[in-house]
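Novice:
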Amino acid sequence: MTGGQIGNVDLVKQLNSAAVYRLIDQQGPISRIQIADVSQLAPASVTKITRQLLERGFIKEVAQQASTGGRRAISLTTEVEPFHSIAIRVGRDYLKFSLYHLGGRELTSEYSEFFYTTQEELVDGLMTQLRTFITKNHLLINQLIAIGIILPGLVNPETGVVEYMPNVKIDNLHLSELVHNNFHVECFVGNDVRGMALAEHYFGASQDCQDSILVSVHRGTGAGIIVNGQVFLGYNRNVGEIGHIQIDPLGEQCQCGNFGCLETVASNPAIVDRVNKLLNQGYKSSLSELETINISDVCEHANLGDELAKQSLVRVGDQLGKAIAITVNLFNPQKIIIAGDITQCKEILFPAILRNVQNQSLQTFHSDLPIVSSQIEAYPTLGAFSMIKRAMLNGVLLQKLLED
Ligand SMILES: [Zn+2]
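The sequence shown stops at residue 404 when you use UniProt numbering, and every number in between is there.
#1: Can you tell which of Q207, E241 and V231 has its C-alpha closest to the C-alpha of G220?
#2: I need the boundaries of the alpha helix (DSSP H) containing A325, first residue and last residue.
#3: I'd like the span of the alpha helix (DSSP H) that includes T128, first residue to last.
#4: What residue does the beta strand (DSSP E) around V227 start on, and which one ends it?
#5: Report the start-end ranges of each beta strand (DSSP E) in the region 194–222 that is 3 residues or longer and not cut off at the edges.
#6: Answer yes if the region 318–335 comes into contact with the region 223–233, meaning at least three C-beta pairs across the two stretches below 8 Å, and no otherwise.
#7: Within the same chain, show all residues whose beta-carbon is closer than 7 Å to that of H188, passing over the 5 residues directly before and after it, in chain order.
#8: Apart from the five residues on each side of it in sequence, which residues of its chain come closer than 6 Å, Cβ to Cβ, to P249?
#9: So does T264 have its beta carbon nearer than 8 Å to some heavy atom of ligand 1?
#10: Who are the Cβ neighbours of L287 in its own chain at under 8 Å, not counting the five residues just before and after it?
#11: Taking the alpha-carbon of S17 as reference, which of C256, G7, D93 and T50 has the nearest alpha-carbon?
#12: Does the Cβ-Cβ distance between Q344 and L369 come in under 9 Å?
#13: When you compare only the Cα positions, how much space is there between residue 415 and A339?
#14: Using only the heavy atoms of ligand 1, determine whether one of them is closer than 8 Å to the beta carbon of H244.
#15: I'd like to confirm the pairing. Which residues does DSSP put opposite E186 in its beta bridges?
#16: Run the CB neighbour count on Y379, radius 10 Å, all protein chains shown included, and call it buried at 16 or more, exposed below.
#17: Grouping DSSP H, G and I as helix and E and B as strand, with all else coil, what is A339?
#18: Output the distance between the C-alpha atoms of G243 and E113, rounded to the nearest integer angstrom.
#19: Are the CB atoms of A87 and I150 nearer to each other than 9 Å?
#20: Rank F83, G204, E81 and R131 by C-alpha distance to the C-alpha of F97 and give the top, closest one.
#21: Buried or exposed: where does residue 406 fall if 16 or more other Cβ atoms within 10 Å of its Cβ makes it buried?
#22: Pick from V265, N167, G104 and Q143: whose alpha carbon is nearest that of L154?
#23: G153: beta carbon under 8 Å from a heavy atom of ligand 1?
#24: Check whether the region 71–80 and the region 19–34 touch, using three or more Cβ-Cβ pairs below 8 Å as the test.
#25: According to the Cβ coordinates, are I59 and I24 closer than 9 Å?
#26: Once DSSP output is grouped into helix, strand and coil, what is the label at K284?
#27: Between which two residues does the alpha helix (DSSP H) holding N394 run?
#28: From which residue to which residue does the beta strand (DSSP E) around V155 run?
#29: Report whether the distance from the Cβ of Q319 to the nearest heavy atom of ligand 1 is below 8 Å.
#30: When you compare each of F83, Q119, N303 and Q52 to V90 by their alpha carbons, which one comes out closest?
#31: CA-CA distance, E110 and H138?
#32: At a threshold of 8 Å, does G305 count as lining ligand 1 (C-beta to nearest heavy atom)?
#33: Out of E347, S212, S361 and S85, point me to the one whose CA is closest to H184's CA.
#34: Given 8 Å as the limit, tell me if Q26 has its C-beta closer than that to any heavy atom belonging to ligand 1.
#35: Would you kindly work out how many angstroms separate the C-alpha atoms of M1 and V9, rounded to a whole number?
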């Protein structure tokens, strides 16, 4: 059983390194003594681990003036600027690439339309554009430590295997392995909405709490649930398919095959479809002057007081609120975050959501529950970067880089 024992020793090593790195990242500048204190690790272990981190360049020493004016103590902080990652968002009809440094700053990005109808087209297009992005930015890229990819679909986050995508037939796509073999760098793959929920926790609206739920309304409707600072994952490792909660048994058919799913009411295409239907029936609205209508038009006209646009969005808020109330009862979050174009009319939308959450969840669960807009909407790749950040903080990536 030697193999098992070696495995355990490696795991302990990884966890200890991660604990030290995490403390320096989150509480730095911090001294070695404080690290030993907080982490409960032996001072000798702290010295050994910080030496490794210093040698690899992940942390640096800074002199701190003691508040009493006494001698200067040496503290440690993380070094983020030399370590770069590429974060990729695969949309249903676009690709976005960003280059981040380890502190979460986007250094450059590139957006392009991207249409694919088969797994092969998806993989070929992604690999080609990734290679182009790297070539184009090679002067900017310092140490490339990882590549992160988020996509609409179900992913096994441990193996990086894509199991399902809503818009294309997927057969056991080993995406993380493929990228790793082609670009010789670690690759993390995950669901887009769950990634963005993690990004809100690290960099956005839910930094101040440990339990939150992000509800995203774009082409589809999904949720990411953060419990105790971690993305909540169930047995099949994917939780948050809020878009497929049935809210109307006699509703429209959903792309999943069932009828009346939340997504058939509360997603951008569903909202626009319904407005068009009402306009065709002859309902009066300032929107009827437009040739074609998109979700931003609906929000804009609602904000200007158009009754049809307003009532359409109140209806969406009602249905979203009902589904969110279910998640509130199940998870008792400290905050609800809404992402999507519809937050442009949050003065109309959020009160409707709140009213339904208040009517349909436990009073103690919703009495002090803020409903807020996403803070990271301008950075759609941040979810992919957040998976890399998480792999540094939990040691999975950190340990690999230390052993390279
Ligand atoms: Zn459905």
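The beta carbon of each residue, even a glycine, is placed where N, CA and C say it ideally should be.
Here the structure is a predicted model, which means the values were calculated and not measured.
Specialist: A quick look at the data gives this:
#1: Here residue 220 corresponds to residue number 220 of the sequence shown, with the count starting at 1. That would be E241, whose Cα lies nearest to the Cα of G220.
#2: Residue 325 sits at position 325 when you count from the first residue of the sequence shown. Counting along the chain, the alpha helix (DSSP H) containing A325 begins and ends at E307 to F331.
#3: For the purposes of this step, residue 128 is taken as residue 128 along the sequence shown, with counting starting at 1. Start and end: Q119 to K136.
#4: Residue mapping note: residue 227 aligns to position 227 of the sequence shown, counting from 1. Unbroken beta strand (DSSP E) run through V227: T221 to V227.
#5: 212–217
#6: yes
#7: Here residue 188 is taken as the residue at index 188 of the sequence shown, counted from 1. The amino acid at residue 188 is misidentified as His; the sequence shows Phe. Once the five neighbours on either side are set aside, the close Cβ partners of F188 are A146, G148, G160, S176, M387, I388 and A391.
#8: Mapped onto the sequence shown, residue 249 falls at position 249. Cβ within range, chain order: G260.
#9: Taking the sequence shown and counting its residues from 1, the one referred to as residue 264 is at position 264. Yes, the beta carbon of T264 sits closer than 8 Å to at least one heavy atom of ligand 1.
#10: Translated into positions along the sequence shown, residue 287 becomes position 287. Exclusion of the five residues before and after L287 leaves V275, L279, I293, D297, V298, H301, D306, L308 and A309 as the residues of its chain whose Cβ lies within less than 8 Å of its Cβ.
#11: Taking the first residue of the sequence shown as 1, we reach residue 17 at position 17. Nearest C-alpha to S17: T50.
#12: As a working note, residue 344 is residue 344 in the sequence shown. As a working note, residue 369 is residue 369 in the sequence shown. Not closer than 9 Å, so no.
#13: For residue 415 there is no data in the structure shown, the boundaries of the chain being 1 and 404.
#14: On the sequence shown, residue 244 is found 244 positions in, with the first residue counted as 1. Correct: H244 has its Cβ closer than 8 Å to ligand 1.
#15: Looking up residue 186 in the sequence shown gives position 186. Note: E186 sits in a beta bridge opposite A146.
#16: The sequence position of residue 379 within the sequence shown is 379, counting from 1. It counts as buried.
#17: What you label residue 339 is simply residue 339 of the sequence shown in a count that begins at 1. The answer is strand: DSSP assigns A339 an E or B state.
#18: By one-based count along the sequence shown, residue 243 stands at place 243. By one-based count along the sequence shown, residue 113 stands at place 113. For G243 and E113, the distance between alpha carbons rounds to 25 Å.
#19: As a first step, residue 87 is located in the sequence shown; it is residue number 87 there, counting from the start. As a first step, residue 150 is located in the sequence shown; it is residue number 150 there, counting from the start. Yes, the pair counts as a contact, with Cβ atoms nearer than the cut-off.
#20: On the sequence shown, position 97 is the one that residue 97 refers to. It is R131.
#21: Summary: the structure shown does not reach residue 406, with the chain confined to residues 1 through 404, and so no result is reported for it.
#22: Reading the sequence shown from its first residue, position 154 is the one you call residue 154. When each option's Cα is compared against that of L154, the closest is N167.
#23: On the sequence shown, position 153 is the one that residue 153 refers to. No, the beta carbon of G153 sits no closer than 8 Å to any heavy atom of ligand 1.
#24: yes
#25: Residue mapping note: residue 59 aligns to position 59 of the sequence shown, counting from 1. Residue mapping note: residue 24 aligns to position 24 of the sequence shown, counting from 1. For I59 and I24, yes; Cβs fall inside 9 Å.
#26: For the purposes of this step, residue 284 is identified with residue 284 of the sequence shown, where counting begins at 1. In this structure, K284 counts as coil in the three-state DSSP scheme.
#27: Taking the first residue of the sequence shown as 1, we reach residue 394 at position 394. First-last for N394: undefined, no H or E at that position.
#28: Against the sequence shown, residue 155 aligns to sequence position 155. Where V155 is concerned, the enclosing beta strand (DSSP E) stretches over L154 to N156.
#29: Translated into the one-based positions of the sequence shown, residue 319 becomes position 319. Checking every heavy atom of ligand 1 against the Cβ of Q319, none is found closer than 8 Å.
#30: For this step, residue 90 is matched to residue 90 along the sequence shown. Comparing Cα-Cα distances from V90 to each of F83, Q119, N303 and Q52, the minimum goes to Q119.
#31: The sequence position of residue 110 within the sequence shown is 110, counting from 1. The sequence position of residue 138 within the sequence shown is 138, counting from 1. E110 and H138 have their C-alpha atoms roughly 14 Å apart.
#32: Mapped onto the sequence shown, residue 305 falls at position 305. Checking the Cβ of G305 against ligand 1 gives no.
#33: The sequence position of residue 184 within the sequence shown is 184, counting from 1. Comparing Cα positions, the closest option is S85.
#34: Locating residue 26 in the sequence shown gives position 26, where the first residue counts as 1. For ligand 1, not one heavy atom lies less than 8 Å from the Cβ of Q26.
#35: In the sequence shown, residue 1 corresponds to position 1, counting from 1. In the sequence shown, residue 9 corresponds to position 9, counting from 1. Per-residue confidence for M1 stands at a pLDDT of 38, beneath the threshold of 50, marking its modelled position as unreliable; the derived number appears in the next sentence. Each residue's Cα considered, the two are about 13 Å apart.
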